[in-house]
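Participant:
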Amino acid sequence: MSPTIFVASTEDHELTTKRIREVWPGATEELRLELHLLRRYEMTKNVKEKDVILLCHYFDGRTLLTDNDGLYNTFLVEAVAATGGYVFVALTGVPADDRLARLDLINQLTHDGQTSISELHRQKRFFTWDSFPSKAQVNIIVSAAKDEKEQCPLQLPISIKEHAAAYRQNGSAHSRKKLASANGIANHNRTAWRCSLL
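The sequence shown begins at 40 in this note's numbering and counts up by one.
Structure follows, in structure tokens:
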């Protein structure tokens, strides 16, 4: 298996892909996410169980990753279901230190209402880096890709599940209304990504 990197910004993540390939030379695919479709995301790529998903979000000020107003609740639920829990989240463009993730940033995100971030960090599934991941971060991702026993599947925080369900429920009526007014035009949620193989 090989990691699939989902990128949710226009920033270049080529260095991330290159760093992972140095340790895990299998083909790594990068998929770009459409931000306006994320809250009602449906996993359309044929992601197999035990594949590894790395979600990269570039830090550009206010960061709404999870929980209330978070962009990625539905994506994370879909990704965990598709891979059996082999999912990582990285906040990039952040000055690095020698930890897997910046504790001051985790505390700030948690204080601002994204309590699930601290749980993702506790499970070693939340990373921060500047332009590319550290060797320690890559080793954790690769050990999951190699299905090593010390890497347990992600146990998704309940707050992410609850907010994802709320978005889906609110979106279903919206989608039905949109479909009716468009006289049966197919729901475009299933084109929520475009693929470029590096």
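Where a beta carbon is used, it is the ideal one built from N, C-alpha and C, also for glycine.
Since the model is a prediction, treat every value here as computed from it, not as a measurement.
(1) On the CB-based measure, 16 or more other CB atoms within 10 Å of its CB, does Ile197 come out buried or exposed?
(2) What did DSSP end up calling Arg141 once you bin it into helix, strand or coil?
(3) For Met101, which of Ala120, Arg71, Gly152 and Ser170 has the nearest alpha-carbon?
(4) Would you list the residues sitting across from His150 in a DSSP beta bridge?
(5) Find the nearest neighbour of Arg58 within the set Ala204, Trp168, Arg207 and Gln194, judged by alpha-carbon distance.
(6) Which whole-angstrom value describes the C-beta separation of Ala129 and Leu93, a residue pair presumed to lie in contact below a C-beta threshold of 8 angstroms?
(7) Give the secondary structure of Val86 by DSSP, where H, G and I count as helix, E and B as strand, and everything else as coil.
(8) Is Ile145 close to chain B? Criterion is C-beta to C-beta, closer than 8 angstroms.
(9) Given this structure, state the Cα-to-Cα distance separating Thr113 from Thr122, to the nearest angstrom.
Facilitator: Looking at the atomic coordinates:
(1) exposed
(2) coil
(3) Checking the sequence, you will find Arg at residue 101 rather than Met. The shortest Cα separation from Arg101 among Ala120, Arg71, Gly152 and Ser170 belongs to Gly152.
(4) Looking at the DSSP assignment, His150 forms no beta bridge with any residue, so it has no partner.
(5) Trp168
(6) 6 angstroms
(7) Looking at Val86 - three-state DSSP - the assignment turns out to be coil, as it is neither helix nor strand.
(8) The structure shown contains no chain B; it is built from a single protein chain.
(9) 14 angstroms
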